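Step one of this worksheet: look at the structure below.
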Amino acid sequence: MVSDKLLCWQIVFITSLVISNVVSGKLVLLFDVFLVPSAVIAYSITFLSTDIINELYGQREAQKIVRYGLMAQILACILIYIAMILPVAPFMPDMQKAFEALLGQNIRFVIASLTAYYISQTNDIYSFNWLKKLTGKKYKWIRNSVSTVLSQILDTAIFITISFYGVVPNIWQMIVSQYTVKVIITIIDIPFFYYFTREKGR
């Protein structure tokens, strides 16, 4: 039986993952320097979630939620595509264009998202557990941050390359920008990781 706390983190993970795919089409320029998809915050939460699940419930549960996430993304893509091809009401002709602009990701983005997601999340789980064996109950920040930072390299490089190669003038700017922002978010989430994985009674 799934505990309420585990179920809560599974919901946080799936929600953040699906939302990150919905909003990933919007590019934002942070501080006039970092060019990143607006999904960077929502997607970063998925790594925090898997690390928390991994820490509290083990590698098996973490791998399970990654598989669930993959299925959720595929189902979301199918349902969004069905909604997109349904005929729009004749008195709302502009709605179809707006709908397609927001949710009509092409197959290139879908492949990039699914590939980057599964490889990086799987790497995060395995590297987290490898570091956990080395550090035991101490230095939780090391396994939390190092596993995420390493995995985000894979995620960023794979997603940006597949999605924007030949489209964006300077693809390296996007990779470096997005990865830098993800590293900053990873550092910020360390106290949250400690708080949500604290032992009872403390």
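Take the sequence shown: its letters are residues 12 to 213, numbered as in the working numbering. All C-beta atoms in this analysis are idealised placements derived from N, C-alpha and C, irrespective of residue type, glycine included. All values reported here derive from a predicted model rather than from experimental measurement.
Asked	Found
Ignore the nearest five residues each way along the sequence and tell me which others in Ile-171's own chain have a CB closer than 7 Å to its CB.	Ile-182, Met-185, Ile-186, Gln-189
Could you tell me whether the Cβ atoms of Leu-161 and Ser-124 are closer together than 8 Å?	no
Just curious, the beta strand (DSSP E) that Leu-222 is in, first and last residue?	Since the first and last residues shown for the chain are 12 and 213, residue 222 lies out of range.
Taking one C-beta from the region 76-90 and one from the region 141-152 each time, how about it: are there three or more such pairs within less than 8 Å?	no
For Leu-46, which residues does DSSP report across the bridge?	Leu-40
Using three-state DSSP, classify Gly-80 as helix, strand or coil.	helix
Among the residues of its own chain, which have a CB less than 6 Å from the CB of Thr-133, if the five just before and after it don't count?	none
Kindly indicate which residue of Pro-104, Thr-191, Ala-168, Leu-17 has the alpha-carbon position closest to the one of Ile-130.	Ala-168
Spatial neighbours of Ile-201 within its chain, please: C-beta separation below 7 Å, excluding the five flanking residues on both sides.	Trp-152, Asn-155, Ser-156
Report, in whole angstroms, the separation of the C-beta atoms of Val-29 and Ala-87, which I expect to be a contact under 8 Å.	5 Å
Scan the region 93-151 and note each continuous alpha helix (DSSP H) run of 4 residues or more that stays entirely inside, going in chain order.	104-114, 118-146
Would you report the Cα separation of Phe-102 and Leu-90, rounded to the nearest angstrom?	23 Å
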